[in-house]
Amino acid sequence: MDHGLFGPGSVTWRVMGEPILLVGGFRALLMQGLHPRAMRGVAQNSSLMDPAESWSRFLRTTEFVRVRTYGTSAEVAAAGARVKKIHSRLTAFDPDTGERFRLDDPGALLWVHVGEVDSYLSVARRAGVRLTDEEADRFVHEWRRAAEVVGLRPDDVPGSVGEMRDYIQGCRPGLYFAPEVPHPMRQSLSQSLNAPLPPYLLPLKPVIPMLTVLAFATLPRWARRLYGLPATPLGDLWATVTLKALQTGIGLVPAPVRYSPAARRARQVTADQAA
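If you number the sequence shown the way my numbering does, the last residue is 290 and the count never jumps.
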């Protein structure tokens, strides 16, 4: 059977189905927002302040992550081709260099990829999802396959937690929050009041600001400072305690309700193969 990029036995299948990873998705967008070229590419090609457009983009991204994680090889290839086609056609202006650049700029794509992987892994581990150091390295290495889907060369992508941390550290001098881009905190409030959510996401509407605050709190302190927010050890502790409490509460929900259909199928395939 074709299980796509990952399949049963992968750390990715075990981790990505956890609902707490929604916070990781929000955090990934915040990490993306600190790469000025990546964020200008988004801002100059979409209506960021329009709640409908913002949520449409979020839903498209969520569907892409689902296909990339659980889809067949053909579905993943088709999704990747669509993304690469869009990125290759769109350009944006970088006022720092005076250049126009394509949205498939490798430096920006790599930062977005690493910010996503780091966010999922950080939120999962702080929430209490059981992962050994070796499994964490496997997770990062497995996601090299996902990087290839958007046009990156796997050998150019960090393949372990240590390599990922070194890459992020090396990028820090060039990171800042572009002043012309709307602040995510303001966006979350606008979306919680005005976003036209699909019916299955309506329960999230009242908690969007809380999820945004929690996602900010899970960022490294240096990243919070770049957003102009307080960054203290107490904030780190609050984020970890809150994630653990949410994960514990979610764990009380029966599995057929707790997991998405794709995650349930992945768990069943894994259990069948183990049996």
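For each residue, glycine too, the CB sits at the ideal point set by N, CA and C.
Check: Around the C-beta of Leu267, are 16 or more other C-beta atoms found within 10 angstroms, so that it is buried, or is it exposed?; Outcome: exposed
Check: In whole angstroms, what is the alpha-carbon distance linking Gly95 and Ser88?; Outcome: 10 Å
Check: Taking 6 Å as the limit between beta carbons, can you name the residues of its chain near Thr285, skipping five residues before and five after?; Outcome: Pro23
Check: What residues are listed by DSSP as bridge partners for Thr106?; Outcome: Arg117
Check: With 16 other CB atoms within 10 Å as the buried threshold, where does Gln184 fall?; Outcome: exposed
Check: Quick one: grab the DSSP three-state call for Val38.; Outcome: helix
Check: Judging by CA-CA distance, which residue of Gly264, Ser71, Arg159 and Glu150 is the nearest neighbour of Val293?; Outcome: The question about residue 293 has no answer, for the chain in this structure spans 16 to 290.
Check: Let me know if Gly243 comes out buried or exposed under the rule of 16 or more other beta-carbons within 10 Å of its beta-carbon.; Outcome: exposed
Check: Nearest to Asp133 by alpha carbon, out of Met179, Lys99 and Lys100?; Outcome: Met179
Check: By Cβ distance below 6 Å, which residues in the same chain neighbour Tyr135 in space, the five residues on each side in sequence not counted?; Outcome: Leu36 and Gly39
Check: Distance, Cα to Cα, Ala289 vs Tyr191?; Outcome: 46 Å
Check: For Phe108 and Pro194, I'd like the C-alpha separation in whole angstroms.; Outcome: 14 Å
Check: Assuming Gly130 contacts Gln47 (C-beta within less than 8 Å), just tell me the rounded distance between them.; Outcome: 5 Å
Check: Would you say Trp158 and His50 are within 8 Å of each other, going by their C-beta atoms?; Outcome: no
Check: Could you tell me which of Ser71, Arg55 and Val155 sits nearest to Glu114, measuring between CA atoms?; Outcome: Arg55
Check: Short of 8 Å in beta carbon distance, which residues of its chain neighbour Lys99, apart from the five on each side in sequence? Order them along the chain.; Outcome: Asp119, Val165 and Gly166
Check: Taking the alpha-carbon positions, what's the Pro276 to Leu124 distance?; Outcome: 29 Å
Check: State the CB to CB distance for the pair Arg273 and Pro110, rounded to an integer number of angstroms; the pair is presumed to be in contact (CB under 8 Å).; Outcome: No, Arg273 and Pro110 are not in contact; Cβ-Cβ is about 46 Å, not under 8 Å.
Check: If you count every other CB in all the chains shown that lies within 10 Å of the CB of Ala93, and 16 or more means buried, which is it?; Outcome: exposed
Check: When the Cα atoms are used, what is the spatial distance from Val196 to Asp152?; Outcome: 34 Å
Check: Enumerate in chain order the residues of its own chain whose CB-to-CB distance from Ala254 is below 8 Å, with the five nearest sequence positions on each side excluded.; Outcome: Arg141, Leu229, Ala232 and Thr233
Check: Output needed for Thr257: all residues of its chain with C-beta closer than 8 Å, excluding positions within five of it in sequence on either side, in chain order.; Outcome: Leu229 and Ala232
Check: Give me the Cβ distance between Ala162 and Val155, rounded to the nearest whole Å; I'm assuming they're in contact under 8 Å.; Outcome: Between Val155 and Ala162 the Cβ distance is about 10 Å, and since that is not below 8 Å, they are no contact.
Check: What whole-angstrom Cβ distance do Leu44 and Arg83 have, given they're in contact under 8 Å?; Outcome: Actually they do not touch by this definition, with Cβ atoms about 16 Å apart.
Check: For Pro173, name the three-state secondary structure that DSSP assigns.; Outcome: coil
Check: Inspect the beta-carbon positions of Gly122 and Arg52 and report whether they are closer than 8 Å.; Outcome: yes
Check: Pick out whichever of Phe41, His18, Ser61 and Ile101 has its Cα sitting closest to the Cα of Pro224.; Outcome: Phe41
Check: Need the endpoints of the alpha helix (DSSP H) that Thr257 sits in, please.; Outcome: Pro248 to Gly266
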